[in-house]
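Asks:
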């Protein structure tokens, strides 16, 4: 990466709050080179040959785990998946013990998904292995935000000065928090839109505009990131019904017709069709949802590559 | 007959007797015999206190000793040693043990342990409800006869449905009720202060409202019944203001705060250090300022530590899973010196008053002053001594403190409990 002066000096990737603008740009730039690899006939480079990546998942997740697994394999790393049921863990081995035991197997990178906010940071403090946060509680999901930004940049050519609205359950969303940190650092103008009970206290101090009105969030937006509504948890109490949510906040073709013509529609998946957006929008021309999934591999390759090759700060 | 001691050339700071001057103190038969200039003894031991502050032994009215039931966290012996090491010669231990201190047999058992193991005066608070479950009041008169000096379900509030009756009965029994103020409905599931920082960290918040609504409830009931009540560990600005106004109206309310509420804020939770997980939680900077103002204007009577020992293995887990609480006995003085005296919030006299005379008066226990004939509970402080608060100097069995590793100022030098030296020249005997 001779073109970029900045080098990666961080042991771990725990969240976008903890990265500088330049570090985020370095990841996106590196992902650009790996994107090319994913389109080749032979989708594999030897960048992490001889390295071992462990996917340590305390929460079920097929898509993020698969994406990390493919990213690691395309870098020629060995991959092991460990899925732990949270309820049994609380009685048994602690997070730190599990981390140290995995490390004793002489592995290099732990990709961790955890239901508790902060768990990756606690783990990272206690192991020498690199730690990549694959989503922790309501805190951060940095690789999701990075792939969202990568997709946005490849669609619109820049992040700076874009108007991006994040719509949905902001209170319980790690995707929202990571996107807010990343987008604002790169100079985007971010609006969050949610029913009042799903707007967490003080969120405006993260540098975003807050609205409960969907038309305000859509007006003039260059892109929207529509979050999954999780009615199975606290969200259910905050909103009477799925249909009611769809009526007030659902992204429909009609609502989209009043937006910028080229508005980019993103969703971190899995989509609840007919709840946060209509099928017409999910499958429509503005949707980049499947491109996000594809880009996720390149972005995660970049992250794994960078943390595996941490340089001493100059 | 015990040995005679002469504490020489120290600055005696005894707010209850309005003394702040260089004096010598003569101790014999475990009691303070004389305070004056140029005293001498023929036999016995002379303690050179030049450059030091000689204060009444501190009294901590909020300590968790964990015995019986959680002797892996703390015992009467280790907890009382930690107390003396922090300058406290008397402590009040809370009844949230296992079993809870809710009947005379448990009180007697604990008193036996105290008689055998304690190196300072240990007073006992009894539970308000059986098993601290909030279902049935304990027998306050029986508890009093067994030797408890106060009542609390600390860790939990007395339920709304029982607080009236509990306060009436505590008044009748002549026992202080010290209330943990929390509305469980509002705090449920929370792990840190509710606000921007909890939002940023993705942690569930505990609102200030969950505390101050309970404070208000307790003040209203004390006013209605003309009873006195003590509010434990206040942490937020609204609580301070409610208590300030209540005192102006003449309500018999007293209160305490803990050093972490004026030295630390919610920002300390940013690294998910579970030693910063405390209930009530570390609050905002505005709350920290309000606590300091409440200490300065006398709204807050007492500095108590809420010493809450937990083992490393309990705390070395995810923030959500860690128990609430931190140890505090051995950091209270230096943290108070740095945050209150050095920052000119309190004078030395005022600080010592909140650590000794005020809690003695509220609890109705001996000590808190250095009058002739009083038991010689005396703490000698090296006010300018700077040191690192390292894990290995902590006497408490548990080391869960966010202050560990801090460079601090103000160290306990020598401590007398009932005329016996328990700590001398910074070394526990």
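Residue numbers (this note's numbering), protein chains in the order written: chain Y, 1 to 314; chain X, 1001 to 1429.
Cβ coordinates follow ideal geometry from the N, Cα and C atoms, glycine included.
It should be emphasised that the depicted structure is a prediction, and the values quoted were computed from it without experimental measurement.
In whole angstroms, what is the alpha-carbon distance linking residue 279 of chain Y and residue 1281 of chain X?
Replies: One C-alpha to the other measures close to 45 Å.
Asks: Is the segment 1359 to 1376 of chain X close to the segment 1236 to 1252 of chain X, with three or more CB pairs under 8 Å?
Replies: The answer is no - the segment 1236 to 1252 of chain X does not touch the segment 1359 to 1376 of chain X, with fewer than three Cβ pairs under 8 Å.
Asks: Interface residues of chain X around residue 200 of chain Y at Cβ under 7 Å?
Replies: In chain order: 1199.
Asks: Measuring only the C-alpha atoms, how far is residue 206 of chain Y from residue 1191 of chain X?
Replies: If I take the Cα positions, the gap works out to 21 Å.
Asks: Is DSSP giving residue 1262 of chain X helix, strand or coil here?
Replies: Residue 1262 of chain X falls in the helix class under three-state DSSP.
Asks: Do the segment 126 to 146 of chain Y and the segment 51 to 70 of chain Y meet, that is, are 3 or more Cβ pairs less than 8 Å apart?
Replies: Result yes; three or more Cβ-Cβ pairs closer than 8 Å.
Asks: Taking the straight line between their C-alpha atoms, what separation do you get for residue 168 of chain Y and residue 1206 of chain X?
Replies: Their Cα atoms are separated by approximately 23 Å.
Asks: Provide the residue span of the beta strand (DSSP E) that contains residue 167 of chain Y, from first to last.
Replies: Note, residue 167 of chain Y: beta strand (DSSP E), 163 to 167.
Asks: At least one CB of chain X closer than 8 Å to the CB of residue 191 of chain Y: is that the case?
Replies: No, residue 191 of chain Y lies away from the interface with chain X (no Cβ there is under 8 Å from its Cβ).
Asks: Please compile the residues from chain Y whose C-beta is within a distance smaller than 8 Å of the C-beta of residue 1318 of chain X.
Replies: Here the neighbours are 95, 114, 116, 118, 119, 122.
Asks: According to DSSP, is residue 134 of chain Y part of a helix, a strand, or is it coil?
Replies: Three-state result, residue 134 of chain Y: strand.
Asks: Under 8 Å Cβ to Cβ from residue 118 of chain Y, same chain only, skipping five residues before and after it: list those, please.
Replies: Only 136, 137, 139 meet the Cβ criterion.
Asks: Skipping 5 residues on each side, what residues in its chain have a beta carbon closer than 7 Å to that of residue 302 of chain Y?
Replies: Counting only Cβ-Cβ distances below 7 Å, and skipping sequence neighbours, we find 27, 30, 31, 34.
Asks: So residue 1333 of chain X and residue 1393 of chain X are supposed to be a Cβ contact under 8 Å. How far apart are they, rounded?
Replies: That pair is no contact at about 13 Å.
Asks: Taking the C-alpha atoms as reference points, what is the distance between residue 256 of chain Y and residue 229 of chain Y?
Replies: Approximately 19 Å between the Cα atoms of the pair.
Asks: If you pair each beta-carbon of the segment 1030 to 1037 of chain X with each one of the segment 1319 to 1337 of chain X, do three or more pairs fall below 8 Å?
Replies: No: fewer than three Cβ pairs fall under 8 Å.
Asks: Which value, in whole angstroms, describes the spacing of the CA atoms of residue 1283 of chain X and residue 1211 of chain X?
Replies: For residue 1283 of chain X and residue 1211 of chain X, the distance between alpha carbons rounds to 11 Å.
Asks: Reducing DSSP to helix, strand and coil, say where residue 1160 of chain X ends up.
Replies: Looking at residue 1160 of chain X - three-state DSSP - the assignment turns out to be helix.
Asks: Does the segment 1008 to 1019 of chain X come into contact with the segment 1044 to 1057 of chain X, if we say contact requires no fewer than three beta-carbon pairs (one atom in each stretch) closer than 8 Å?
Replies: Touching, per the Cβ criterion.
Asks: Taking 8 Å as the CB-CB cut-off, is residue 100 of chain Y touching chain X?
Replies: Closer than 8 Å: no.
Asks: Taking residue 1065 of chain X as the query, report the chain Y residues whose CB atoms sit under 9 Å from its CB, ordered along the chain.
Replies: Ordered by position in chain Y, no residue passes the 9 Å Cβ test against residue 1065 of chain X, which lies about 26 Å from the chain.
Asks: Could you pull out every residue in the same chain whose Cβ sits closer than 6 Å to the Cβ of residue 1142 of chain X, ignoring the five residues on either side in sequence?
Replies: The answer, listed in chain order, is 1104.
Asks: Return yes when the Cβ of residue 175 of chain Y is within less than 8 Å of the Cβ of residue 315 of chain Y, no when it is not.
Replies: Lying before the first or after the last residue shown, residue 315 of chain Y is absent from chain Y, which here runs from 1 to 314.
Asks: Comparing C-alpha positions only, which one of X:1014, X:1296, X:1364, X:1219 sits nearest to residue 1160 of chain X?
Replies: For residue 1160 of chain X, the nearest C-alpha among the options comes from X:1219.
Asks: Between the segment 1254 to 1288 of chain X and chain Y, which residues of the former have a C-beta closer than 7 Å to a C-beta of the latter?
Replies: Result list: 1271, 1272.
Asks: If you pair each beta-carbon of the segment 1106 to 1115 of chain X with each one of the segment 1084 to 1091 of chain X, do three or more pairs fall below 8 Å?
Replies: The segment 1106 to 1115 of chain X is not in contact with the segment 1084 to 1091 of chain X.
Asks: What residues from chain Y crowd round residue 1203 of chain X, counting only those whose CB sits closer than 7 Å?
Replies: Correct list: 117.
Asks: Ends of the alpha helix (DSSP H) at residue 1336 of chain X?
Replies: Note, residue 1336 of chain X: alpha helix (DSSP H), 1332 to 1336.
Asks: Taking the Cβ atom as the reference point for each residue, do residue 1380 of chain X and residue 1414 of chain X lie within a distance shorter than 8 Å?
Replies: Contact flag set, yes.
Asks: With H, G and I counted as helix, E and B as strand and the rest as coil, what does DSSP make of residue 235 of chain Y?
Replies: Residue placement at residue 235 of chain Y is poorly supported in this model, since its pLDDT is 49, which falls under 50; the coordinates still yield a value, given next. The answer is helix: DSSP assigns residue 235 of chain Y an H, G or I state.
Asks: Return no unless some Cβ of chain X is closer than 8 Å to the Cβ of residue 206 of chain Y.
Replies: Answer yes: the Cβ-Cβ gap between residue 206 of chain Y and chain X drops below 8 Å somewhere.
Asks: Report buried or exposed for residue 1189 of chain X, applying the criterion of at least 16 other Cβ atoms within 10 angstroms of its Cβ.
Replies: Exposed is the call here.
Asks: Is it buried or exposed for residue 1075 of chain X, if we count other Cβ within 10 angstroms and need 16 for buried?
Replies: With 16 or more other Cβ atoms within 10 Å, it is buried.
Asks: May I ask you to list, following chain order, the residues of the segment 127 to 146 of chain Y that have a beta carbon less than 9 Å from some beta carbon of chain X?
Replies: The segment 127 to 146 of chain Y vs chain X, Cβ under 9 Å: 136, 137, 138, 139, 140.
Asks: Could you check whether residue 1236 of chain X and residue 1208 of chain X sit closer than 8 Å to each other, using their CB atoms as the reference points?
Replies: Yes, these two residues count as a Cβ contact at 8 Å.
Asks: I need the boundaries of the alpha helix (DSSP H) containing residue 1315 of chain X, first residue and last residue.
Replies: Segment 1312 to 1315, the alpha helix (DSSP H) holding residue 1315 of chain X.
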